[in-house]
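I have placed the structure first, in the form of structure tokens, so that the comments after it can refer back to it.
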Amino acid sequence: MTHHLNYLMIGKAVRNRHIVSLLVGKDNIKLSHLQFADNTILFCSSEEDTIRNYARLLRCFEVMSGLIINFDKSSLIPINCEQHWTYNMCNLLGCKEACLPIRYLGIPLGANPRLVRTWKPIIDKVEEKFSLWKAKVLNKTGKMVLIKSVLNSLSVYYLSMYKMPKAVTKKLISLQRRFLWSKEEGRNGLALVKWEVVQVPKKLGGLGIVMPWSEILHYYLSGGGVFQKKNVHYGRRLCALAIF
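Shown next, in the form of structure tokens:
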């Protein structure tokens, strides 16, 4: 059914100019919605006719599919819009107002990646893993396997969108260093070698724990820096509707 909403209903409404989509990038790519499973974000300019047509389209989708859109969980996210306009559109759609950043597929959209609090979920997850493992007796080999296979993979998804600040990098390295050299039951231990040696590949005499948040990895995960381009839409009046 999401195929019908995606390609048939929204696509046809955009082609017939009942819905004014956003033009993104220098190639003016039309952006009207993002959809994954039952999570949908609708994008449009702040034209009341477009909002009303979106409301009609969603109502038609409910009638045709027999599904019900939960507007109590849905939100209207205005950008550079007047408060009275936002209030009227929320009443029209029957949803609440939200503001950036919002979480979509695990990524905080609209968040400032240079702030440490944007990366707090990653830091909390690493600390949570430590709290589960600190009471266990692990040798150095077991700890290195956990760091490489589990802890290092936690931040890869974020790195596909954002570049990690140095403060966050230092925090995560500190947590990993403490975990690697800790003794039984989480007691701190003495580091046997410098952390720079730990990061050296095994064939060169190190332990082979390579940090995944390097700038090189971020560059390739983000499509060669494509996400580093300046967003040209923050000076415009537009809105997004997150539907669940």
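Following my numbering, the numbering of the sequence shown begins with 92 at its first residue and continues without gaps. Don't be surprised by glycine CBs; every beta carbon is placed ideally from N, CA and C.
Check: Taking just the CA atoms, how far does Phe-152 sit from Asn-130?
Finding: Going by the C-alpha atoms only, they are around 15 Å apart.
Next item on the list: Ignore the nearest five residues each way along the sequence and tell me which others in Trp-272's own chain have a CB closer than 6 Å to its CB.
Entry: Closer than 6 Å at the Cβ level, and outside the excluded window around Trp-272, lie Gly-280 and Ala-282.
Next item on the list: Provide the residue span of the alpha helix (DSSP H) that contains Val-265, from first to last.
Entry: Just to set this straight, residue 265 is Ser in the shown sequence, not Val. From DSSP, the alpha helix (DSSP H) with Ser-265 extends over 257 to 272.
Check: What are the boundary residues of the beta strand (DSSP E) that Gln-126 is part of?
Finding: It spans 124 to 127 - the beta strand (DSSP E) in which Gln-126 sits, taken as one unbroken run.
Item checked: Spatial neighbours of Leu-191 in its chain, beta-carbon cut-off 6 Å, leaving aside the 5 residues before and after -> Annotation for Leu-191: Gly-201 place their beta carbon closer than 6 Å to its own, counting only its chain and skipping 5 residues before and after.
Notebook entry, point to check: Could you give the distance in angstroms between the alpha-carbon of Lys-216 and the alpha-carbon of Trp-286?
Noted result: Roughly 22 Å between the two C-alpha positions.
Checklist line | Among Ser-112, Glu-219, Leu-113 and Gln-126, the one whose alpha carbon lies nearest that of Leu-196 | finding: Restricting attention to Ser-112, Glu-219, Leu-113 and Gln-126, the CA atom closest to the CA of Leu-196 is found in Gln-126.
Notebook entry, point to check: Mapping DSSP to helix, strand and coil, what is Pro-292?
Noted result: Three-state DSSP puts Pro-292 in coil, outside helix and strand.
Margin query: Just to confirm before moving on: does the CB-CB distance between Leu-114 and Ile-142 stay below 8 Å?
Written below: No, the Cβ-Cβ distance between Leu-114 and Ile-142 is not below 8 Å.
Margin query: For Asn-107 and Ala-146, I'd like the C-alpha separation in whole angstroms.
Written below: Here the alpha carbons of Ala-146 and Asn-107 stand approximately 16 Å from one another.
Note to self: Excluding the 5 residues flanking Ile-307 on each side, which residues of the same chain have their C-beta closer than 8 Å to its C-beta?
What the structure shows: Any reading at Ile-307 must be qualified, since the residue scores a pLDDT of 49, below 50, and its modelled position is unreliable; the value itself is stated next. Sequence-distant partners of Ile-307 (beyond 5 residues in either direction) whose C-beta falls short of 8 Å from its own C-beta are missing from its chain.
Margin query: Taking 6 Å as the limit between beta carbons, can you name the residues of its chain near Tyr-325, skipping five residues before and five after?
Written below: Only weak support exists for where Tyr-325 lies, its pLDDT of 44 falling under 50; the value from the coordinates is given anyway. Once the five neighbours on either side are set aside, Tyr-325 has no close Cβ partner at all.
Notebook entry, point to check: Going by DSSP, what residues sit across from Leu-114 in a beta bridge?
Noted result: Lys-121, per the DSSP bridge assignment.
Check: Apart from the five residues on each side of it in sequence, which residues of its chain come closer than 6 Å, Cβ to Cβ, to Lys-187?
Finding: Correct list, in chain order: Ser-166.
Notebook entry, point to check: How would you write the range of the beta strand (DSSP E) that Ile-193 sits in, first residue to last?
Noted result: Run containing Ile-193: 193 to 195, per the beta strand (DSSP E) assignment.
Check: At which residues does the alpha helix (DSSP H) containing Ser-240 begin and terminate?
Finding: That run of the alpha helix (DSSP H) goes 231 to 240.
Checklist line | Alpha-carbon spacing of Ile-213 relative to Ser-246, whole angstroms | finding: Whole-angstrom Cα-Cα distance: 6 Å.
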